[in-house]
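The structure appears right after this line, and notes come after that.
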Amino acid sequence: MAPIDRPFFWSILVISLILTIPALAQRKRVPSSKDKFRSTFELNLQSSATRNAAQAGGQCTSKILDLLFIIDSSRSVRIHEFEKVKLFMIDVIDSLDISPDGTRVAVLQYASTVQNEFSFNTFFKKDDMKKAVAGIDPLSTGTMTGLAIRYAMDVAFTEKEGARPPSKKIPKVAIVVTDGRPQDRVVEVSEQARASGIEIYAVGVDQAEVSSLEAIATDPDEEHVYYVESYGVIEKLSLKFRDRFCGVKLCAVVDHGCEQICVDSQNSYHCKCYDNYTLNADKKTCSLKKLCSVVNHGCQHICVDTPGSYYCRCNEGYILNEDKKTCSRLVLDICATIEHGCEHICVSTASSYYCQCSQGYNLNGDGKTCRRITMFAIGVGQTVETEIKEIASDPDDDHIFYARNFSAVPQIAEKLKRRICEEEAQKVVTVEDPCKCEAIVAFRTSVHTMLDAIRDTLAEITLRLEYLEARLGQP
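Number 370 in this note's numbering belongs to position 378 of the sequence shown; there are no gaps in the numbering.
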């Protein structure tokens, strides 16, 4: 074989390199799946470095979540790397509004087994929660990711463990952090978990298998799958989740129309009123609460609310007194409103009326008409004449009698009978012929009536005489 001409050989080699290098420079490198998620993460970090405009303007608040950390603590995770994972969790917790009615957090770690560190109802104070995270020790055996997701679905996200019921519509979110390939099946159990309403984020570190992360996470992968090259930079990922869990304060950016207070809630808002005010049916305006139900109004019967005030009212049949609080029974003047038929006087009561007669008259049996009372006065002994005249009917000569003592009273009584009979007889005669049978019957009836009246009158006279006798006997 002829020897190679060295100068010629080197010339050919140089020319080949000159032609090859530009072609190599123009050839594009095909990015791997890890490159894709790494680039996405780097872009997200750039946007999260200063946070978004809503956060800068104070218009961001933590969404209300039930957030579960599912942490890989297999043998491949070194102690100092596991510490980085704990710092990542603490950073995320720091950005959340932790409270019974706000965000609740639970943590479980897994290797070949699953270990629950604390549940959703274990801690409601951020400092207690961070202290518990800082005290977690890794398990260091196996990578049973599917088993951990199954535990999250069947146990961790139950009401017994403090997760809110579906009726509350609180998002269920899980963050899975792993650095290796799962040693069990994750596709089916992840589908079941997502179907149950759990939103899953998958964070891969170092040797994590991207296809497994995609199988675990909720779609779209670009928003739920993250990859970092080492645990040394995982803390920076907390900024991404801070943005992800940021809920814009709609009260600050929308025309909410609330008259008094706007309250931000999960992806929404609602109106609220100040103390002693109540929300109207339009759910925006407010009215002063019904003061009758919140103040000591003092109304005896009924308290009536008015806009910004109240007044007292009485039940039917009562009237409000001058103090505007107490009530008195109303006495209606029924006599003034009906045809009562009383001959002399009508007296109203609370619910009815009755008739009375003027002085010197008695009420007849019909309860309406009156008859005159003829008063005879008998003076016995040294009777005071003026008092006798006050008692007797006019004229005095026809109705006043005098006796020296009480033994003469029976004689005076006989005179009274004759006097009364004469008067009544005259009344009857002037009306009808006394010989008629009807007149006789009427006369007898009238006599009986008059006799009854005489007995009543005599009884009254006797009482008055006893009264006068008692007065005369006084020194």
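We treat Cβ as the ideally placed atom computed from N, Cα and C, and that holds for glycine.
- For E191, the uninterrupted beta strand (DSSP E) run begins and ends at 190 to 197, by DSSP.
- Assigned with DSSP and collapsed to three states, Y143 falls in helix.
- For Y302, the beta-bridge partners assigned by DSSP are D297.
- When DSSP reads this structure, S320 sits in a beta bridge with I311.
- For I253 against C238, the beta-carbon gap comes to about 22 Å, at or over 8 Å, which does not count as contact.
- Where L280 is concerned, the enclosing beta strand (DSSP E) starts and stops at 278 to 280.
- Annotation for E109: the continuous beta strand (DSSP E) segment containing it runs 106 to 110.
- Taking the Cβ atoms as the reference, F233 lies roughly 13 Å from V77, outside the contact range of under 8 Å.
- Around the C-beta of Y143, 16 or more other C-beta atoms lie within 10 Å, and the residue is accordingly described as buried.
- In this structure, the straight-line span from the alpha carbon of N397 to that of T329 is close to 55 Å.
- The beta carbon of M136 sits closer than 8 Å to those of Y102, A103, S104, T105, V106, P174, Q175, D176, all from its chain and outside the five residues before and after it, given in chain order.
- Bridge pairing for V372: A395 [DSSP].
- Under the DSSP assignment, S340 falls in the beta strand (DSSP E) whose first and last residues are 337 to 340.
- In this structure, the CA atom of G127 is about 14 Å from the CA atom of A98.
- Shown here, D388 sits in a helix according to DSSP, grouped into three states.
- For the alpha helix (DSSP H) assignment, the uninterrupted runs of no fewer than 4 residues enclosed by the segment 54 to 120 are, from N- to C-terminal side, 71 to 86.
- By alpha-carbon distance to E251, the top candidate from I446, H440, L271, T454 is L271.
- Between the segment 185 to 195 and the segment 216 to 229, the count of C-beta pairs closer than 8 Å reaches three or more; the two stretches touch.
- A direct Cα-to-Cα measurement between D274 and S340 gives close to 53 Å.
- Distances from the alpha-carbon of Q292 to those of N313, S203, V255, S399 put N313 closest.
- Rounded to whole angstroms, I167 and T277 show a C-alpha spacing of 41 Å.
- Residue pairing by DSSP places H262 opposite V255 in a beta bridge.
- If you ignore the 5 residues before and after G371, its C-beta comes within less than 6 Å of the C-beta of I380, Y394, all in its own chain and listed in chain order.
- For Q348, the enclosing beta strand (DSSP E) starts and ends at 345 to 348.
- For K232, the enclosing alpha helix (DSSP H) has its first and last residue at 229 to 236.
- Secondary structure at R173: coil, using DSSP grouped into helix, strand and coil.
- The distance from the Cβ of D198 to that of D64 is about 11 Å, inconsistent with a contact at the 8 Å cut-off.
- Assigned with DSSP and collapsed to three states, L355 falls in strand.
- Out of D119, V179, E206, the CA that lies nearest to the CA of I82 is found in D119.
- If you check the CB distance, D256 and T53 come in under 8 Å.
- DSSP, reduced to helix, strand and coil, places I167 within a strand of the structure shown.
- According to the DSSP secondary-structure assignment, C362 is paired through a beta bridge with L355.
- Only residues of its own chain outside the window of five on either side were considered, and among them L242, C243, H248, C254, V255 have a CB closer than 7 Å to the CB of Y261, listed in chain order.
- Nearest neighbour of G134 by Cα position, chosen from P163, A405, R67, turns out to be R67.
- G290 carries a coil assignment under DSSP once its states are collapsed to helix, strand and coil.
- Assigned with DSSP and collapsed to three states, T329 falls in coil, not helix or strand.
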